[in-house]
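Numbering (our numbering), first residue to last: 69 to 335. Cβ coordinates follow ideal geometry from the N, Cα and C atoms, glycine included. Since the structure is predicted, the reported quantities are computational estimates derived from the model, not experimental observations. Written out below as C-alpha cells is the structure these notes cover.
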Ligand SMILES: Nc1ncnc2c1ncn2[C@@H]1O[C@H](COP(=O)(O)OP(=O)(O)OP(=O)(O)O)[C@@H](O)[C@H]1O
Ligand SMILES: [Mg+2]
C-alpha cells in the first residue's frame with residue numbers, strides 16, 4: 069500500500085450510547101480512524117467490544133450519538149435519497165446476520181436489480197440478466213434456481229453469498245466485512261477472499277475486516293485496530309502490532325493465538 073494514498077473515509081470521535089438511565093453505556097467511545105485508498109484494515113476485538121456498532125455507524129445504518137464520519141474529506145450526508153444512493157454505491161457492507169440485511173419481501177432478482185440500478189448505467193434487460201448471472205456464478209449460486217425466491221427461503225450461507233454477489237456488482241470503494249465468512253465453508257472462503265483482493269487491486273477498494281481472529285487480521289491486513297470496551301486501544305502496522313504489541317489487551321488477544329507464526333508458516 070502506498071503511504072500517500074488518498075483518504076476516503078475518516079471517523080472523528082465517534083460515539084454511540086445505548087440504554088437509559090443507570091444502564092446507559094458507550095458501545096463505541098471516541099473512535100477515530102483514517103482509511104486510505106487500497107488499504108486493508110482489520111478491526112479486532114472480543115465479543116461485545118463494539119465492532120458491529122462501529123461498522124453500522126460507518127455504513128450509515130446507525131446514527132452516532134456524537135462524532136462525525138468524513139467521506140472524501142467532506143462531512144458525510146445521508147439526508148436525501150440521492151445522498152444515500154451515492155454513499156452506498158461507494159461504501160458497502162457484509163454483515164454477520166445476513167437475515168437482517170435484506171428486505172425479506174423482495175425477491176432475489178429484485179434485490180440484485182436494485183443494486184445494478186444504483187450504478188445508473190444504461191443496460192438492456194439482457195445485459196442486466198447476464199450481470200446477475202455472472203455475479204451469482206462468482207459466488208457459486210445458481211441464479212436460475214434462486215431469482216424467483218425470497219431471502220427467507222435461502223440458507224444462511226446462500227444469503228452471505230448473495231451479499232457478496234452484490235459487492236461483485238457494485239465494486240464499491242469501501243467494503244466493510246463483519247465476520248463475513250462465518251457461514252461459508254473453508255473452500256469458498258478462500259475464493260471469496262481472493263475476489264476481495266482482486267477488487268482491491270482493480271479499483272483500489274478499501275477492505276475493512278471485522279474479526280475476533282488476530283491471526284487472520286495479521287495475515288491479510290496492512291493496518292490493525294484493536295478494540296476493547298468500545299475504544300481503540302492500539303492501532304498500527306499489522307506486523308508491528310503482532311511483533312511488539314504495546315497494550316495489555318493486545319497481548320492478551322495474542323496469547324489466544326500462540327501458534328500464529330507456525331500456523332501461517334512465517335518462521
Ligand atoms: N441495539 C442495541 N441496543 C442496546 N445495546 C446494544 C445494541 N447493539 C449492541 N448493543 C450492545 O453494545 C455492545 C457492543 O455490541 P457489538 O454488537 O457492537 O459488539 P461486537 O464487538 O460486534 O461483538 P461480536 O464480536 O459478538 O459480534 C454490546 O454490549 C451489545 O450488547
Ligand atoms: Mg459483531
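query, result
"Less than 7 Å separating the Cβ of residue 164 from some heavy atom of ligand 2?", "yes"
"Does the Cβ of residue 175 lie closer than 7 Å to at least one heavy atom of ligand 2?", "no"
"Terminal residues of the continuous alpha helix (DSSP H) containing residue 319?", "316-323"
"So what does residue 142 bridge to, in DSSP terms?", "139"
"What first and last residue would you give for the beta strand (DSSP E) that runs through residue 293?", "291-296"
"Rounded to whole angstroms, how far is the Cβ of residue 301 from the Cβ of residue 280, which I believe are closer than 8 Å?", "With 8 Å as the limit, residue 301 and residue 280 do not qualify as a contact, their Cβ atoms being about 15 Å apart."
"Should residue 119 be listed as close to ligand 1, given that the test is whether its C-beta is under 7 Å from any heavy atom?", "yes"
"Quick one: measure Cβ to Cβ for residue 118 and residue 96, integer angstroms, because I've assumed they're closer than 8 Å.", "5 Å"
"Is residue 182 near ligand 2, going by C-beta to nearest heavy atom under 7 Å?", "no"
"Exposed or buried, which one is residue 336 when buried takes at least 16 other CB atoms within 10 Å?", "Shown here, the chain extends from 69 to 335; a query on residue 336 therefore has no answer."
"Does at least one heavy atom of ligand 1 sit under 7 Å from the Cβ of residue 110?", "no"
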